[in-house]
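For the sequence shown, the numbering used here puts the final residue at 547, and the numbers step up evenly by one. Idealized CB from N, CA, C, for every residue including glycine.
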Amino acid sequence: MQQLVSLRLRRLLFSAVVAFGATAGQAQVRIITPQSESPAVTTTALDDVLRRGQQFEVERRWGDALTLYEDALRHRPGDPALGPRHELAKIHYDLGRRYTDSSFRRSLSTLAQRDAAALYNELLLKVQSHYVVEPNWQELVRRGSASLSVAVGEEPFSQTNRLKLTAEQIETFRGMLGQYLQTRPIRDRQQANDAVMYSVRLAEQQLRLSSTAALLEYVSGATAALDEYSAYLTGNQLNDVYSQIEGNFVGLGIELKAAEKGLLVVKVITGSPAERGGMRAGDVITDVNNQKVAQFSTDQAADLLQGAEGSFVDISLSSAGAARSLRLRREQVDVPSVDEAKMIDPDYGVAYLKLTCFQKTTSRDLDAALWKLHRDGMKSLVIDVRGNPGGLLTSSVEVADKFVEEGTIVSTRGRSSLENYTYSAHKAGTWRVPLVVLIDGDSASASEIFAGAIRDHRRGTVVGERSYGKGSVQGIFPLSLAGAGVRLTTAKFYSPNGQPISNFGVRPDVEAHQVAKPLADGTILPTADDPVVAAGVDVARQKVAHR
């Protein structure tokens, strides 16, 4: 199963924050960090990032620290000051997510040492067979050791694994583990497995830590060492992936971002419990079940919205200085991959639709929208993929194929020859309507495949800002134990002209930028008057006029 995952949103997909899907018991909330708020590249700005990051770390707001460092690394890749801070924040963040995950805690109590060792070995086999480049085995073990070293000093880890360790015991273990790894060359999978088993025995002897708990840290650390998109998936997280692909989940149906006094509601899904309950974009959630949101980190605040299907959550909101309360029932919510399909300028026949994601139903949903717009008099079409973090590779190809008559849509290249493939357009069923595509800095992966195909074939005009620049394909591989899985980068993808997307993105033909306005608490919210849409409509009108 091939999936395209956006970096910033990928990390949030598998917390309480889900862009497209969640299993029962999770709230549907997607927290976004607009690109416009990313730090600058100057030395002064870097110092400010490190200062803010350190404050987040002191406050143990690891999710916020991780987002901050990720954004900064986009502008300063490989920065020696940011790299270690980013790794530490990610280790802490991932550890916190695992130990609040019921499926992970269940595997801790049910997996025998032999099974945990088999799980680690199976994961290494998957990496060896499918990862896009030859893995650095030394780095995989080092990252797993770093994860274990951090974990033994954390309270949730100690409580769950019934450890009562002194600071001296922890430091002694860390020193012995570090010394061993410095003298141990690890050049292949077998040496990696041998080194980890030694480290696990060391943790048993020095800390009386169960081998299963230690091995699961190495499992998680190994995938995190590969790249920012590869990850170990707990049983719950693997189910989340399948829900994401299907486009349904249990929750409230809201999209959020961090705000000074709570969580800002950016979008409410049509027909969701939140919409029926009266929640609106621009509302700020201040309390959840009588707990002040401001006292929690962003991720912890989002976690408060979790719950089983059919359960209720009490929410206090602030909007334009007025407070109100809602009681919402968590329900099954279908996420529309096509939204707001409408005639935006009937006089010129300009139609508009927004693709929110690329999931299993996208091609079918798009066909229905296109025929509706055709009946309404569509002469030109604006397709908005701003903020679309991606989804399925096959879905993006199917969408591009609806508008490109012939030639390459995208090509993939990997270490295995099985990953080298060219996806081509088919002339039958092609829509020849003049096309405009809107993109921004959060248009990623599958969105970039679509926009890149339209641009390279000169099939339409791309309007907006340079896209995210995420150009790799991930495969989802179930593991035989613990109901878990692993997401691995298996290939890179290239536009029809052979241009890599990674770190470059898709550049627009016409630049246009979203205007935002501050709310009372200083939070930035996009204005209703959208200059990017306006620019796209102007281009569409010109296309109609010149036909």
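Proximity winner among the options, relative to residue i (alpha-carbon distances)
i    : options                   : result
A444 : A428, D347, L438 and S467 : S467
P346 : R184, V537 and G390       : V537
R162 : E168, V152 and E171       : V152
A81  : R208, D48 and A294        : D48
Q55  : L73, E398 and R85         : R85
A535 : H513, R547 and A545       : H513
K90  : K257, R455, T412 and R60  : R60
R214 : Q191, V266, V150 and I254 : Looking at the sequence shown, residue 214 is not Arg but Ala. Among Q191, V266, V150 and I254, the Cα nearest to that of A214 is on V150.
K257 : L481, S380, Q244 and G387 : G387
A65  : Y93, T43, T42 and G78     : Y93
S230 : K126, K261, V539 and S411 : K126
V132 : W431, G441, A400 and R413 : R413
R329 : S337, D283, M279 and R375 : M279
Start and end residues, beta strand (DSSP E) containing residue i
i    : result
L108 : Segment S102 to T110 is the alpha helix (DSSP H) holding L108; no beta strand (DSSP E) there.
G83  : Not the beta strand (DSSP E): G83 falls in the alpha helix (DSSP H), residues L82 to R98.
R324 : A322 to R329
G485 : G485 to Y494
A274 : Counting along the chain, A274 falls outside any beta strand (DSSP E), though it belongs to the alpha helix (DSSP H) covering P273 to G277.
D360 : Reading the sequence as shown, one finds Lys at residue 360 and not Asp. Where K360 is concerned, there is no enclosing beta strand (DSSP E), given that its DSSP letter is neither H nor E.
Distance between beta carbons of residue j and residue i, contact taken as under 8 Å
i    : j    : result
R143 : G63  : Actually they are not in contact, since the Cβ atoms of R143 and G63 sit about 19 Å apart, beyond 8 Å.
E217 : S158 : 13 Å between Cβ atoms; not a contact.
T489 : S502 : So it is not a contact: roughly 10 Å between Cβ atoms.
W137 : R187 : 6 Å
L95  : R76  : So it is not a contact: roughly 26 Å between Cβ atoms.
V241 : L263 : Not a contact, Cβ separation roughly 24 Å.
T145 : L181 : The amino acid at residue 145 is misidentified as Thr; the sequence shows Ser. Yes, S145 and L181 are in contact; Cβ-Cβ is about 6 Å, under 8 Å.
V486 : L123 : 6 Å
K360 : E246 : 6 Å
Y423 : I409 : 5 Å
T362 : V399 : 6 Å
Opening and closing residue of the alpha helix (DSSP H) in which residue i lies
i    : result
V537 : P531 to A545
G221 : S211 to A224
E139 : W137 to A151
E70  : W62 to H75
V515 : It is not in any alpha helix (DSSP H) - V515 carries neither H nor E in the DSSP assignment.
L50  : T43 to V58
I454 : A446 to D456
S396 : L393 to D401
S158 : E155 to T160
Coil, strand or helix - residue i by DSSP
i    : result
P500 : strand
P478 : strand
L366 : helix
M197 : helix
E122 : helix
G178 : helix
N248 : strand
S311 : coil
T23  : Model confidence at T23 stands at a pLDDT of 26, short of 50, so the residue's coordinates are unreliable; what they give is reported in the following sentence. Note: T23 maps to coil in three-state DSSP.
D227 : coil
F296 : coil
K372 : helix
V127 : helix
S424 : strand
E511 : strand
S472 : strand
S318 : strand
A16  : Interpretation of A16 is limited by its pLDDT of 21, a score under 50 that renders its predicted location unreliable; the figure taken from the coordinates is listed afterwards. It is coil, neither helix nor strand.
is_contact[residue i, chain C] using C-beta, thresh 8 Å
i    : result
L140 : Note that chain C does not occur in the displayed structure, where there is just one protein chain.
Residue i beta carbon near the ligand FAD (any heavy atom closer than 7 Å)
i    : result
G485 : Judged by which ligands are present, the structure shown has none, so any question about the ligand FAD falls away.
Next on the checklist: With a threshold of 8 Å, are at least 3 pairs of Cβ atoms found where one atom belongs to the segment 455-464 and the other to the segment 415-422?
Outcome noted: no
Checklist entry - Can we say the segment 116-129 touches the segment 246-262, given the rule of at least three CB pairs closer than 8 Å? => result no
Next on the checklist: Tell me whether the segment 349-357 and the segment 404-414 touch, counting them as touching only if at least three CB pairs, one residue from each stretch, are closer than 8 Å.
Outcome noted: no
Checklist entry - Does the count of Cβ pairs from the segment 319-336 and the segment 273-284 closer than 8 Å reach three? => result yes
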